[in-house]
Amino acid sequence: ATSPAQAAGLWQFIPSTGKIFGLRQTWWYDGRRDILESTRAAYKFLSQLYNQFGSWELALAAYNWGPGNVKRAIERNEAAGLPTDYWSLTMPAETMAYVPRFLAVAQVIKEPNTFGVRLNPIVNKAHFRETYAKNQVDLTSVAKLAGLTTKQLYQLNPAYMRWATNPDGPHRVLVPLNTPEIFEQQLAALPAPDRYITVTNRYVVKKGDSLHRIASKFGTTPAALKRLNGKLISKRGYVAVGKSLVVSRSKQLVSGDNSVDIEKLANPAAERVAQIEKADKEKAVAAKSTRKDDDNDKVSKKYHKVRAGQSLYAIAKKYDVSVKELAQWNNLKNKSNVQVGTKLVILLEEDEDTKNTSRTAKASKGKDKRIASKEDSPKKNKKERIKRISYEVKRGDTLYSISQRYNVSVSQIKTWNKTSKNLKPGQDLIIYLAKS
């Protein structure tokens, strides 16, 4: 769980304090969530606080509020001639509640019968053991070797924020104590997955831009832009001013201290699907030599007869094109008044998806909301190239935080799980990731 103050993990370290106590935080790995490392850091931190303030109440208050704040509160009471124990200090409401709650829970655990509480006994023995891989490993593969689900493995190893361990370490994996000894040999034999990630390059649409113009500017095609951007581009090739379009993707090597802009990271599962689709298309073209390379990039010409009361703006809006484009196609000025009865040329971009859906588009506008883009649908070739994991929603999780953890988009999670933006703790989500 992550608090509003960005505290994370079992011991709720904020980023800065975590770094002070040696908890590494990278794109791949967050030491604040590491069960072993965060516990060692918390023990060290609490011990220092107790030695500094001389009481566990003040140590716990400093753990929650910060040692500097507690020190200043003590100094204020000393200056005013007031007691300096925890109960006499003026502190924020959160800290004033934090310590009594901690002490109350400790007392209930110590004497459950006194408070009418029944606690199931926990045997005082280890429940998991440490294992080590020689290099970065895919966590889904590790789970299979250990006889666990991916969800169970992540519960023991919540520090790993992605689909694999950190390329630069640690390569430690916690597994149940009863995991067969042969697991270590199998783990050591696992190959390192691909260390490259896909980075997107974007372009913000400006007034006067058209899909053809943007494609030409970046050396690509309108059809390729449509495949990359899905619903951002209408079936007729229109895209709204201000929208951020993906214009290209490239591979970039990631290290443990990765400096890649996370906002630019593309979904690896969607990228894999796109590569598969491209390969399938190339095979189909080779099999049918008569088929032209630009089948998915045709422009159809239509005519519109101007009716009374219609303006260039109204006609352009009807066909999802800009007034400037409409004027250029018909040798008109942008503010020209068109005469009733005039036939205007309309050029519409048409790809395979458009041809297959154009007959029913007018009768089913509402269906657009149910049509997922190719990037959102992992079903094609999933059995062969895409892996599926299950993620249990935790308190404080959002669709955005989960999408960042697994490097997928919010819309993809919604599509895969047919869910809205409201999540409930304990809810299981299906996530599709590309196999390395």
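Sequential numbering from 1239 applies to the sequence shown in the working numbering. For each residue, glycine too, the CB sits at the ideal point set by N, CA and C.
Close CB contacts of V1337 within its chain, under the 6 angstroms cut and outside five residues either way in sequence, are with E1295, L1298 and A1299 (chain order). Beta-bridge partners assigned by DSSP to R1440: V1484. Within a 10 Å sphere around the beta-carbon of Q1650 sit 16 or more other beta-carbons, which makes this residue buried.
Nearest to P1305 by alpha-carbon distance, out of S1641, F1291 and G1579, is F1291. In the DSSP assignment, R1643 falls within the unbroken alpha helix (DSSP H) covering L1637 to Y1644. Boundaries cannot be given for F1456, as no beta strand (DSSP E) includes it and DSSP labels it neither H nor E. Contact between L1386 and A1402 does not hold, since the beta-carbon distance rounds to 16 angstroms and is not under 8 angstroms. The beta carbon of S1276 sits closer than 7 angstroms to the beta carbons of G1247, L1248, W1249, F1251, L1261, G1269 and R1270 from its chain, once the five residues preceding and following it are set aside; these are given in chain order.
Rounded to whole angstroms, G1407 and K1473 show a C-alpha spacing of 46 angstroms. Closest option to L1586, judged by alpha-carbon separation, among Y1476, L1320 and W1654: Y1476. Here R1474 carries a coil assignment [DSSP, helix/strand/coil]. No Cβ-Cβ contact shorter than 9 angstroms links L1320 with Y1301. Ranked by Cα distance from N1568, the options V1631, K1540, G1547 and E1332 are led by K1540.
For R1465, the closest C-alpha among the options S1486, S1454 and F1456 is that of S1486.
At a Cβ-Cβ threshold of 9 angstroms, V1583 and L1550 do not count as neighbours. In the DSSP assignment, P1414 falls within the unbroken beta strand (DSSP E) covering R1410 to P1414.
Inclusion of V1484 and R1440 in the CB contact set at 9 angstroms is warranted, their separation being smaller than that value. By DSSP's assignment, L1586 forms a beta bridge with S1538. According to DSSP, residue pairing for F1283 in a beta bridge does not occur. Per DSSP, reduced to three states, the secondary structure at E1422 is helical. The Cβ-Cβ distance between A1462 and V1375 does not fall below 9 angstroms. A straight line joining the alpha-carbon of N1315 with that of S1285 spans about 24 angstroms.
For T1277, the three-state secondary structure derived from DSSP is helix. Membership of E1295 in the alpha helix (DSSP H) is indicated by the continuous run W1294 to W1303. Under DSSP, Y1398 takes part in a beta bridge, and its partners are Y1267.
The C-beta separation of A1397 from T1388 comes to about 15 angstroms, leaving the pair out of contact by the 8 angstroms criterion. Going by beta carbons, V1443 and G1468 fall outside the 9 angstroms limit.
Beta-bridge partners of L1671 (DSSP): K1625. When secondary structure is reduced to three states using DSSP, R1451 falls in the helix class.
A straight-line Cα-Cα distance of about 41 angstroms links Y1392 and A1311. Counting along the chain, the unbroken beta strand (DSSP E) around R1367 starts and ends at F1366 to Y1370.
Your pair N1404 and W1266 checks out as a contact, with CB atoms roughly 4 angstroms apart and the cut at 8 angstroms.
Setting aside the 5 residues that flank it on each side, Y1370 is surrounded in the same chain by H1409 and R1410, each with a C-beta closer than 7 angstroms to its C-beta; the list follows chain order.
Shown here, T1328 sits in coil according to DSSP, grouped into three states, outside any helix or strand.
The three-state secondary structure of T1240, taken from DSSP, is strand. Linking V1544 to T1459 through their CA atoms gives a straight-line distance of about 31 angstroms.
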